[in-house]
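Participant:
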Amino acid sequence: MSLSSRNPKSHSSMAIRAIILISILCYISYYANAEETLSSSISKEEHLEIDEQLKQLNKSTVKTIQRDDGSIYDCVDFYKQPAFDHPLLKDHNYHHTMKPSSRPTKLNKNINENENKTNIEYEMVEIKGLGCPTGTVPVKRTTKEDLIRSKLFTKAFSSGVITPQTVEKQGLHHAVLQTKPGGKYNGGGVIMSLHGLATTIKPHYSVSHMTIKNGPDTIQVGWMVNPGLYGDSHTHAFIFSQAGGRSCFYTHCSGFVIVNTEIPLDQVYKLLSKRGEAVYVTQFFIYRDAINGNWWLEYGKDGTQIGFWPGRIFSSLNTGSNHVEWGGEAYTPPGQKPTRMGNGFRPRGDSRKDAFMDQITIIDESHKQVIAANTQKFIDNVHLYNVMDWGLKGSYGHVFSYGGPFISSF
Numbered sequence: 011m012s013l014s015s016r017n018p019k020s021h022s023s024m025a026i027r028a029i030i031l032i033s034i035l036c037y038i039s040y041y042a043n044a045e046e047t048l049s050s051s052i053s054k055e056e057h058l059e060i061d062e063q064l065k066q067l068n069k070s071t072v073k074t075i076q077r078d079d080g081s082i083y084d085c086v087d088f089y090k091q092p093a094f095d096h097p098l099l100k101d102h103n104y105h106h107t108m109k110p111s112s113r114p115t116k117l118n119k120n121i122n123e124n125e126n127k128t129n130i131e132y133e134m135v136e137i138k139g140l141g142c143p144t145g146t147v148p149v150k151r152t153t154k155e156d157l158i159r160s161k162l163f164t165k166a167f168s169s170g171v172i173t174p175q176t177v178e179k180q181g182l183h184h185a186v187l188q189t190k191p192g193g194k195y196n197g198g199g200v201i202m203s204l205h206g207l208a209t210t211i212k213p214h215y216s217v218s219h220m221t222i223k224n225g226p227d228t229i230q231v232g233w234m235v236n237p238g239l240y241g242d243s244h245t246h247a248f249i250f251s252q253a254g255g256r257s258c259f260y261t262h263c264s265g266f267v268i269v270n271t272e273i274p275l276d277q278v279y280k281l282l283s284k285r286g287e288a289v290y291v292t293q294f295f296i297y298r299d300a301i302n303g304n305w306w307l308e309y310g311k312d313g314t315q316i317g318f319w320p321g322r323i324f325s326s327l328n329t330g331s332n333h334v335e336w337g338g339e340a341y342t343p344p345g346q347k348p349t350r351m352g353n354g355f356r357p358r359g360d361s362r363k364d365a366f367m368d369q370i371t372i373i374d375e376s377h378k379q380v381i382a383a384n385t386q387k388f389i390d391n392v393h394l395y396n397v398m399d400w401g402l403k404g405s406y407g408h409v410f411s412y413g414g415p416f417i418s419s420f
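Residue numbers (my numbering): 11 to 420.
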């Protein structure tokens, strides 16, 4: 073969390499600029605040426990947990044996009943207890870098830096089932399938959640893959709240009062669903105490009480909610391949292949748990993501599946 006949292929190969290199450099440049922009938003005062927060967390440790996945948890004295740094909780009278003053009437249904035939089969993931001593609560061991990542991401998440959400542009996109306007609620419940999205890289992130809102106040629980927040691509349980101008993820900030000595809130899920194979799920239940307005979080099929958001920290949710939603959200920076939502595949109506949620319930005005029936779908980018509402499925209640983007083969 002559030299001239080889040149086109050689030039083509070099051109492809050049395009790939330019793309990589553009991405690195973009992320570096994004990091620099966010980092500059951390003031000197906030750095000092983070240093003090870290000092308090380490100072109040009673016992340290390391889990099999390498994560380290400190058993912190109940009265020295981060929740009580909130200015509205300085004069609290809470204690480590607290229980709800009132609890909603739950649905009389068992998710393991098989009298109604469906194609939904799964295993509930339970959490192995940490074993913190009585009077202490588990708080994940944290570095200053962890707290800075949390501060930066929370700022971006709550301020709109990671938007817009439009069809034409990448950004933060939602695919959810939500209550219709006009309702009043005192909580909600959900069972959600668990998935791994290990290919997610920062600043991309993906969330599967239940969200309860009223005005500017928000409570959110679920699982998340977020390298920018956690420093890894594992599937983490999370809580988020926005109250009185304060926003925060998990428990390293003021507001959420932990009462459970065993269950860590920001755990890594190790048992994850595999498409077409075993399906693993987790369960969350949130309700407002009818007596004092505190919002309680329960976890798992046995309804283990984890803790509560005091009603006094909210300006709107202290009287109840007007919006509940369940589903997914995914963030993609400009010019990047769309981030996977759910399990990363288009919903097909098959629980073995879809990311799904069942037992979708709300707590009504009379503080009774009922099936969420008056709902509607909201998808802000139907070209990438979707929601498939299955309706009622026997003892599994209201079921739907969600996910995307629509670029994978089936």
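No residue lacks a Cβ here, since even glycine has one placed at the ideal position from N, Cα and C.
#1: Can you give me the start and stop residues for the beta strand (DSSP E) that P148 sits inside?
#2: Using the Cα positions of P191 and G401, report the straight-line distance between them to the nearest angstrom.
#3: I'd like to confirm something about A383: is its beta-carbon nearer than 7 Å to some heavy atom of the ligand ADP, or not?
#4: Can you tell me whether A253 is helix, strand or coil according to DSSP?
#5: Is the beta carbon of S218 closer than 8 Å to that of A382?
#6: Report the three-state DSSP secondary structure of G404 (helix, strand or coil).
#7: In the DSSP assignment, what residue or residues form a beta bridge with S216?
#8: Would you tell me roughly how many angstroms separate the C-alpha atoms of Y290 and T371, rounded to the nearest one?
#9: Between which two residues does the beta strand (DSSP E) containing C85 stretch?
#10: Does the beta-carbon of I249 have 16 or more other beta-carbons within 10 angstroms, so that it is buried, or is it exposed?
#11: Whole angstroms are fine: how far does the CA of R151 sit from the CA of G238?
#12: Using a Cβ-Cβ cutoff of less than 6 Å, which residues in the same chain neighbour P320 once the five nearest sequence positions on both sides are dropped?
#13: Check the C-beta distance from S264 over to A93 and give it rounded, since I have them as a contact under 8 Å.
#14: Determine the contact status of K194 and H333, defining contact as a CB-CB distance below 8 Å.
#15: By the three-class DSSP mapping on this structure, what secondary structure does Y104 have?
#16: Below 8 Å on the Cβ atoms is my guess for T245 versus H183; work out the distance and round it to an integer in Å.
#17: Sort V267, G407, G241, S257 by Cα distance to Y104 and report the nearest one.
#18: Taking C-alpha atoms, which residue in T115, H106, T74, L98 lies nearest to S376?
#19: Out of D227, S216, P226, state which residue places its alpha-carbon closest to the alpha-carbon of M234.
#20: Can you name the start and end residues of the beta strand (DSSP E) that G225 belongs to?
Facilitator: So, to answer that:
#1: To locate residue 148, count along the sequence shown from 1; it is residue 138. Where P148 is concerned, the enclosing beta strand (DSSP E) stretches over 146-150.
#2: As a working note, residue 191 is residue 181 in the sequence shown. As a working note, residue 401 is residue 391 in the sequence shown. Cα to Cα, the separation comes out at about 19 Å.
#3: Among the components of this structure there are no ligands whatsoever, and the ligand ADP is therefore not found.
#4: Here residue 253 corresponds to residue number 243 of the sequence shown, with the count starting at 1. A253 falls in the strand class under three-state DSSP.
#5: For the purposes of this step, residue 382 is taken as the residue at position 372 of the sequence shown. For the purposes of this step, residue 218 is taken as the residue at position 208 of the sequence shown. Contact: no.
#6: Mapped onto the sequence shown, residue 404 falls at position 394. Residue state, collapsed to three classes: helix.
#7: Taking the first residue of the sequence shown as 1, we reach residue 216 at position 206. The partner list for S216 (beta bridge, DSSP) reads V235, A340.
#8: Numbered from 1 along the sequence shown, position 280 holds the residue referred to as residue 290. Numbered from 1 along the sequence shown, position 361 holds the residue referred to as residue 371. Their backbone Cα atoms lie some 20 Å apart in a straight line.
#9: In the sequence shown, counting from the first residue as 1, residue 85 sits at position 75. From DSSP, the beta strand (DSSP E) with C85 extends over 82-87.
#10: Working through the sequence shown from its first residue, we reach residue 249 at position 239. When all chains shown are included, I249 counts as buried.
#11: Reading the sequence shown from its first residue, position 228 is the one you call residue 238. Reading the sequence shown from its first residue, position 141 is the one you call residue 151. About 18 Å.
#12: Counting from 1 along the sequence shown, the entry for residue 320 is found at position 310. For P320, where only same-chain residues beyond five positions count, the Cβ hits under 6 Å are N304.
#13: Within the sequence shown, the letter at position 254 stands for residue 264. Within the sequence shown, the letter at position 83 stands for residue 93. The Cβ separation is near 6 Å, so the contact holds.
#14: Taking the first residue of the sequence shown as position 1, residue 194 is located at position 184. Taking the first residue of the sequence shown as position 1, residue 333 is located at position 323. No, Cβ-Cβ distance for K194 and H333 is not below 8 Å.
#15: Residue mapping note: residue 104 aligns to position 94 of the sequence shown, counting from 1. Looking at Y104 - three-state DSSP - the assignment turns out to be coil, as it is neither helix nor strand.
#16: Locating residue 245 in the sequence shown gives position 235, counting from the first residue. Locating residue 183 in the sequence shown gives position 173, counting from the first residue. In fact, because the Cβ distance is near 19 Å, the residues do not count as touching under 8 Å.
#17: Along the sequence shown, read from residue 1 onward, the residue named residue 104 stands at position 94. Comparing Cα positions, the closest option is V267.
#18: Here residue 376 refers to the residue found at position 366 of the sequence shown. Residue T115 is the option with its Cα nearest to S376.
#19: Here residue 234 corresponds to residue number 224 of the sequence shown, with the count starting at 1. Answer by Cα proximity: S216.
#20: On the sequence shown, residue 225 is found 215 positions in, with the first residue counted as 1. It is not in any beta strand (DSSP E) - G225 carries neither H nor E in the DSSP assignment.
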